[in-house]
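Sequential numbering of the sequence shown, starting at 338, is according to our numbering. For every residue, glycine included, the Cβ atom is placed at its ideal position computed from N, Cα and C. For reference, the structure discussed in these notes is given below.
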Amino acid sequence: MLGTRPSVSLPRLSAAFRGAEGGTGSQACPPWPPPEPLIQSFGRTQKFLTLPWSFLDLTAPIRSQIFFNLVGDLLCYSGANEVNLQLSIVRSACRELRDQVDEECLTFNYDDTCGLGSGPSRDRDEILALNTWIKRHPRLKYFECLVRSAAKFRILLEELQLPPQTRCSFVFEFKVSGPEVEQLLQRFCVRRLSLMPQEEKEAAGQVQRNWKAFPETGLQVLCLRSCSDDIIQSFFSVSPRLRSLQLVDSRLQSMPLAISQRLSSLSLTGITSLPDEQLSKLIATCQNLRSLYIAKCHISHISFALPNLELLSVTHCQQLTDQCATEILSPVNNPRLRFVDLSECRSLTAPTVEHPEMEIAWLMHCPQLTGQVVAAMFRSCTSLTAVNLVQSSIENAMLASTSLRTLELTTSQKLADRAVTYLLEHCPNLSFLDVGHCCQLVEPKLAHPGLETILLSFCVNLRESAVAGLFENCPSLRYVEIAVCMFDMTKFQRTCRPECTIVVNFDF
C-alpha cells in the first residue's frame with residue numbers, strides 16, 4: 338500500500354531571518370493543489386460547514402493535504418496562533434483548529450498574490466478588503482507581509498490600517514528606495530524587515546542622503562540583499578534592538594561593537610569583501626551568537642571562539658580547509674555546539690571532528706571525506722542523534738554509535754554491504770536509515786530490533802533475499818521504500834504486517 342513518508346527525526350531549524358522571533362519558517366510543501374476547495378466541496382456534501390467537524394471525518398488524501406499545506410502555517414507563531422484569511426472557513430469549522438486559535442492573538446499572513454480584490458489591477462480594492470478583515474480583529478498582534486509589486490507596496494503604505502502596536506514583518510522581492518523604507522518604519526511597528534535597497538549614486542560614489550535619514554527603529558530581525566556598506570551602517574545606527582542579521586551578496590566592511598554584542602543570530606551569504614582575518618575578527622566580536630550561518634563565501638581559514646554558539650552552518654565554501662574545519666568544530670573554541678552543517682564544502686578531506694555535545698551533523702555533498710574520518714567522528718561525538726552523509730564516498734567504514742537515531746546515506750555510490758551490516762549491528766538506537774540510490778548494495782544483512790523506517794529505492798543490485806531478511810529480522814518496521822529494485826516488490830506488500838507501509842512505486 339502507498340503511504341505518506343514519515344518525518345525524519347531532525348529538528349525544525351528556522352532560517353536566519355526567522356530566528357529572532359521564533360517564527361515557523363518557510364517549509365517546502367508538496368506540489369499539491371490548495372486543500373480548501375477540496376475541503377469545502379467535501380464539507381458541502383456532508384454539511385460540515387454548518388456543524389463542527391474533525392480532521393478524522395475527512396478522507397485520508399484530503400487530511401494529508403491539510404497537514405502538509407495548512408497546519409504548519411496555522412499553529413505556533415511567536416507564542417501566538419496564526420490565521421490565514423483564505424483558510425478562515427476551515428479554521429472556524431474544524432474543531433482541532435478552532436480549539437487551538439486564541440482570538441485575542443492572531444497572525445495574518447498577507448501575500449500580494451492572494452487575490453483579495455476583484456481583479457488583477459484592483460490593488461487598492463485588495464488593501465481595502467484587507468483593512469475590512471483586519472477591523473474584525475482589533476487585537477491583531479502580528480502582521481506578516483510578502484510584497485512582490487512596487488505599485489502594490491505604495492498603495493499599502495498609503496492605505497493599510499493596522500491596530501496600534503501590531504508587530505510587523507515585511508519581505509520585499511523588488512528594490513525599495515530609502516524614502517519608502519523611512520515611511521514604512523514611521524507608519525508601522527516593524528520588527529522584521531527583508532529588502533534589497535535601491536541605490537542611487539551621487540558624485541564620488543556616495544550613497545544618497547535618503548538612506549541616512551531613518552528614525553530609530555525597533556527592528557529585531559534584518560535581512561539586506563545586494564547592499565553597500567554605507568546602507569548597512571545606516572541601519573546599524575538606528576537599530577539598537579537588532580538580534581538577528583542576515584546579509585546576502587552585500588559589501589560589509591565592519592560592524593559596530595554595540596550591534597555585534599547583541600546579535601544572537603548572524604547569517605553571511607556571498608560576502609566576498611572581507612578577507613579571512615577581518616571576517617574572523619568580526620565574528621569574534623559577536624560573543625552572544627547562538628547561530629551562525631556562512632555560505633558561498635571565499636574563506637579558507639577563519640577561526641573564532643563563541644561560548645554560546647549552538648548552531649554552525651558553513652556551506653558552499655569550496656576553499657574551506659581541513660584545519661579550519663577542525664578549529665571551528667573544536668569543543669575548546671565552541672563548547673556548546675549541537676548542530677553542524679558543512680554541506681557542499683567539497684575540499685574537505687580529513688578534518689578532525691571530536692565534539693561531545695554535537696547532536697546533529699550534516700555533511701552532504703562532501704565527496705572527499707573518507708570513511709575513516711566519518712568513523713572517527715561517530716566514535717568521538719558521543720551525543721550524535723542524526724547524521725546526513727548524502728553523496729558520501731564511504732565504502733567499508735565501520736560506523737558505530739549508541740546514540741544515533743537517524744542516518745542518511747543516499748547516493749553514496751561506493752557504500753558496500755559490509756558497512757551497512759556493521760552499522761545496523763553497532764547502532765542499537767537507530768530508527769531511520771536511508772540508503773536509497775546506493776547501487777553497490779547487493780546482499781547486506783538487514784537486521785535491527787528497533788529500526789522503523791528504511792529507504793532502499795533505486796538500489797538496483799539489491800537481491801530479493803536481502804529484503805526478505807529485512808522483514809524477518811526487523812520487527813519494529815513501520816515504513817519501507819523498495820521502489821525500482823530488480824525483483825517482484827509487490828509480493829512483500831501482500832505478505833507484510835498490516836502496520837507496515839511498503840512503497841513500491843512513486844507517482845511522479
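Item	Value
Alpha-carbon spacing of residue 694 relative to residue 814, whole angstroms	30 Å
Option nearest residue 548 by Cα separation, candidates 753, 796, 696, 568	568
Which listed residue (486, 759, 784, 743) has its alpha carbon closest to that of residue 771	743
Cβ-Cβ distance between residue 721 and residue 741 below 9 Å	yes
Beta-carbon gap between residue 753 and residue 728 smaller than 9 Å	no
Endpoints, alpha helix (DSSP H) assigned at residue 470	460 to 472
Start and end residues, alpha helix (DSSP H) containing residue 303	No statement about residue 303 is possible, as the shown extent of the chain runs from 338 to 845 and does not include it.
Residue nearest to residue 768 in terms of C-alpha spacing, selected from 756, 783, 624	783
Whether residue 775 touches residue 804 by CB criterion (9 Å)	no
Under the three-state DSSP convention, the category residue 583 falls into	strand
Under 9 Å between C-beta atoms of residue 483 and residue 463	no
Coarse secondary structure for residue 819, derived from DSSP in three states	coil
Euclidean distance between Cα positions of residue 599 and residue 789	43 Å
Limits of the alpha helix (DSSP H) - the one that residue 714 falls within	708 to 717
Extent of the continuous beta strand (DSSP E) to which residue 651 belongs	648 to 652
Buried versus exposed call for residue 485 [16 or more other C-beta atoms within 10 Å across all chains shown]	exposed
Option nearest residue 683 by Cα separation, candidates 662, 642, 553	662
Same chain, Cβ closer than 7 Å to residue 575, five either side skipped, listed in chain order	551, 552, 553, 554
Close-in-space but distant-in-sequence residues of the same chain around residue 699 (CB under 6 Å, 5 per side omitted)	678, 680, 725
Span of the alpha helix (DSSP H), counted from its first residue to its last, around residue 312	A query on residue 312 cannot be resolved here, the shown segment of the chain reaching from 338 to 845 and no further.
Any non-hydrogen atom of the ligand GDP closer than 8 Å to residue 486 Cβ	Because no ligand of any kind appears in the structure shown, any question about the ligand GDP cannot be addressed here.
Pair within 9 Å by beta-carbon distance, residue 616 and residue 646	no
Same chain, Cβ closer than 6 Å to residue 795, neighbours up to 5 away in sequence not counted	773, 774, 821
For residue 574, three-class secondary structure by DSSP	helix
Reduced DSSP secondary structure (H/G/I, E/B, other) of residue 784	coil
Collapsed DSSP secondary structure at residue 602 in the structure displayed	strand
DSSP-derived helix/strand/coil call for residue 568	helix
Proximal residues to residue 802 (C-beta, below 7 Å), its chain only, five neighbours per side dropped	780
Residues of its chain near residue 827, where Cβ-Cβ distance is below 8 Å and the 5 sequence neighbours each way are ignored	841
Residue 792 versus 765, 798, 839, 648, residue with shortest Cα-Cα distance	839
Under the three-state DSSP convention, the category residue 826 falls into	coil
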